[in-house]
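Those protein sequences? They're chains A and B, same order as listed.
Residues 1 to 206 in this note's numbering are what the first sequence lists, from first letter to last.
Residues 1001 to 1220 in this note's numbering are what the second sequence lists, from first letter to last.
Positions of the beta carbon are idealized from the N, C-alpha and C atoms, including for glycine.
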Amino acid sequence: MSRDHQPEERSELAEMELHVRALRTVLEQKGYIDPAALDVLIQTYETQIGPRNGARVVARAWVDPNFRTWLLEDATAAIASLGYAGRQGEQMVAVENTQARHNLIVCTLCSCYPWPVLGLPPTWYKSAAYRARAVKDPRGVLADFGVILPASTEIRVWDSTAEVRYLVLPRRPAGSDGLSEEQLATLVTRDSMIGTGVPRAAENVR
Amino acid sequence: MSYRSHADLGGQDGYGRVIPEAEGELFHAAWERQALGLTLAMGATGAWNLDMSRSARETLPDYIAISYYERWIKALENLLIERGLVGPDEIAAGRMLHPARPGLPVLRAADVPAVLAKGSPTLRPATVPARFAVGQPVRLRAAAVTHHTRLPGYARGKTGHIDQERGVHVFPDTHAQGLGEQPGWLYTVVFSGRELWGSDAALNHSVSIDAWEPYLEPVS
């Protein structure tokens, strides 16, 4: 647990732990679930499928113009060529940020998110605050993330209301010309691939 | 029959600011991991489809008050109970009290990577031509519906234009109700901020949704 909980929250937490354990026991006893499969599912999203996948896609697009073109024309195939595909990313679309236009992704109806490249959505992406405001006041939402764009930049919000999943191709940071693909990937943040952030500056390379 | 989604939040006021979160924070309690695992494992049995589970979540009366994974667990329980797979008495007791439904395909650990890699594609072959063309103006259906839908309230009755054609996809409105896939053409439809939010919206603000053909009317 990574957050402090108030006493009443703690008891609610204990209640949910017991409740979910009870449900799991019933499903196990009924033979509807394989406990080992649960472990693999959880481990997969904790250790294998996350935003570092998407960062590799972005870094490749930054260094390889042919890949960038492919990604923008057929993101599903381009992303699959790097080994990322499947659940909640069956049909991918990449949208490119430019000096003229900034893209922001939201799912106002639930929490649709490109799992194969970004993993599980962060809490804020699923929150009522983000889902309510992103479509109406995107500049206000960006300010919550400390991102201020010039007034002249067009903002396009993509509401993921179907099974198409969107990935933002952020702008390559200035001064990053000499960096390798691997180094560039470290500049790509999760939020920059949703549109609520921008990549780290080139001097922050890891 | 009345159907109410509590999840249609786009454009609503009063939810406050967005609180960013570090990249590695996935779960805030051990039970949330279990909620993910149980939901994905039971979803893989095919006892319901993704649109049915979205419908089960968005109709929870306390949707707004509870956390994301609480919604998952409550919806999962409702889906299990509605289908007679589990009794409410069993969930309360924390153990099996009635015989299991035989023949449910169980997701095995060895099959997880293949199942996740395959996903549940909704793209279907086109059997009829698309009714709308890229660039064409369209109006979104204004009438409220009494079932699960993916047409957000803020776009109803609004006029935009076809930005992209996305192929033929399973129609969630029928799929969620057990009325079959009834695949239809899907389009990305883009609206100006001013069309959606009035004259206060910036001129260079636009919003798109992905909309199925039955949501759209031509604009003459």
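Residues that residue i bridges to, as DSSP identifies them
i                : result
Y1210 of chain B : Reading off the sequence, residue 1210 of chain B comes out as Asp, not Tyr. DSSP lists B:T1188 as partners of D1210 of chain B.
L169 of chain A  : A:E96
G1160 of chain B : B:V1138
P1218 of chain B : B:V1138
V106 of chain A  : A:D159
R101 of chain A  : A:E154
R1124 of chain B : B:V1168
V164 of chain A  : A:Q91
H1006 of chain B : Note: H1006 of chain B sits in no beta bridge, so no partner.
H1205 of chain B : A:I155
Any non-hydrogen atom of the ligand MG within 7 Å of residue i CB
i              : result
V20 of chain A : No copy of the ligand MG occurs in the structure displayed, which carries no ligand at all.
Local Cβ density within 10 Å of residue i, reported as buried at 16 or more and exposed below that
i                : result
T69 of chain A   : exposed
D1200 of chain B : exposed
S2 of chain A    : Because S2 of chain A sits at a pLDDT of 41, beneath the cut-off of 50, its placement in the model cannot be relied upon, and the following sentence gives the value as read from the coordinates. Flag for S2 of chain A reads exposed.
A77 of chain A   : exposed
H1175 of chain B : buried
V1138 of chain B : buried
K1118 of chain B : exposed
P199 of chain A  : buried
H1169 of chain B : buried
D4 of chain A    : For D4 of chain A, the predicted structure reports a pLDDT of 49, less than 50, and the residue's modelled location is therefore unreliable. A value from the coordinates is still provided. Flag for D4 of chain A reads exposed.
A14 of chain A   : exposed
R156 of chain A  : buried
E90 of chain A   : buried
N66 of chain A   : exposed
D1062 of chain B : exposed
A1126 of chain B : exposed
T1188 of chain B : buried
S236 of chain A  : Residue numbering for chain A in the displayed model covers 1 to 206; residue 236 of chain A lies beyond these limits and cannot be assessed.
T98 of chain A   : exposed
A1093 of chain B : exposed
P121 of chain A  : buried
P138 of chain A  : buried
H1205 of chain B : buried
D64 of chain A   : exposed
Residue of the options minimising C-alpha distance to residue i
i                : options                            : result
H1148 of chain B : B:A1035, B:F1132, B:S1053, B:D1013 : B:S1053
V1219 of chain B : B:V1170, B:G1157, B:A1202          : B:G1157
E88 of chain A   : A:A36, A:A134, A:E163, A:R156      : This sequence places Gln at residue 88 of chain A; Glu is not what is there. Closest option to Q88 of chain A, Cα to Cα, is A:E163.
P1102 of chain B : A:L38, A:I33, A:A75                : A:I33
I49 of chain A   : A:G140, A:Y113, A:M16              : A:Y113
D1173 of chain B : B:A1133, B:N1078, B:N1049          : B:N1049
V205 of chain A  : A:G195, A:E28, A:G175, A:S152      : A:G175
R1131 of chain B : B:A1114, B:T1146, B:L1216, B:V1112 : B:L1216
G1178 of chain B : B:A1044, B:P1020, B:S1055          : B:S1055
D39 of chain A   : A:R24, A:A80, A:A201               : A:R24
T1045 of chain B : B:P1121, B:N1204, B:V1115, B:L1107 : B:L1107
S160 of chain A  : B:A1144, B:V1207, B:L1079, B:E1058 : B:V1207
P1114 of chain B : A:A37, A:R172, A:R139, A:I148      : The amino acid at residue 1114 of chain B is misidentified as Pro; the sequence shows Ala. Taking only the C-alpha atoms, the option nearest A1114 of chain B is A:A37.
E17 of chain A   : B:V1145, B:H1028, B:R1004, B:I1019 : B:H1028
D1111 of chain B : A:T44, A:G195, A:G146, A:S11       : A:T44
G83 of chain A   : A:H19, A:R52, A:P35, A:G197        : A:R52
L207 of chain A  : B:Y1003, B:S1002, B:R1004, B:P1020 : Absent from the structure is residue 207 of chain A, since the part of chain A shown begins at 1 and ends at 206.
L184 of chain A  : A:I194, A:G195, A:E203, A:T196     : A:E203
T47 of chain A   : B:E1023, B:P1088, B:Y1069          : B:E1023
L1203 of chain B : A:R101, A:A201, A:I148             : A:R101
Y1068 of chain B : B:A1144, B:G1043, B:W1031, B:G1184 : B:W1031
G140 of chain A  : A:H19, A:R171, A:G119, A:G197      : A:G197
Expected contact under 8 Å - CB spacing of residue i and residue j to nearest Å
i                : j                : result
G1135 of chain B : I1162 of chain B : 6 Å
A1155 of chain B : I1209 of chain B : 5 Å
Y166 of chain A  : V93 of chain A   : 5 Å
K126 of chain A  : M1096 of chain B : Between M1096 of chain B and K126 of chain A the Cβ distance is about 32 Å, and since that is not below 8 Å, they are no contact.
A1211 of chain B : L1151 of chain B : 6 Å
G54 of chain A   : V117 of chain A  : 4 Å
A134 of chain A  : L104 of chain A  : 6 Å
L1009 of chain B : R131 of chain A  : 4 Å
F1191 of chain B : G1160 of chain B : 4 Å
H1006 of chain B : E1077 of chain B : Rounded, the Cβ-Cβ distance is 17 Å, inconsistent with contact.
V1128 of chain B : V26 of chain A   : The pair is not a contact, with the Cβ atoms about 45 Å apart (cut-off 8 Å).
Minimum Cβ-Cβ distance from residue i to chain D less than 8 Å
i              : result
G31 of chain A : The structure shown contains no chain D; the protein chains it does contain are A and B.
How do the segment 1026-1039 of chain B and the segment 185-205 of chain A stand: do at least 3 beta-carbon pairs fall below 8 Å, yes or no? These segments do not touch.
At least 3 beta-carbon pairs within less than 8 Å: the segment 1007-1015 of chain B vs the segment 190-201 of chain A: Result no; under three Cβ-Cβ pairs closer than 8 Å.
So, do the segment 174-186 of chain A and the segment 124-139 of chain A have three or more beta carbon pairs nearer to each other than 8 Å? The segment 174-186 of chain A vs the segment 124-139 of chain A: no contact.
Can at least three beta-carbon pairs, one atom from the segment 1059-1074 of chain B and one from the segment 1017-1035 of chain B, be found at a separation below 8 Å? As far as the Cβ criterion goes, the segment 1059-1074 of chain B touches the segment 1017-1035 of chain B, which means the pair count is three or higher.
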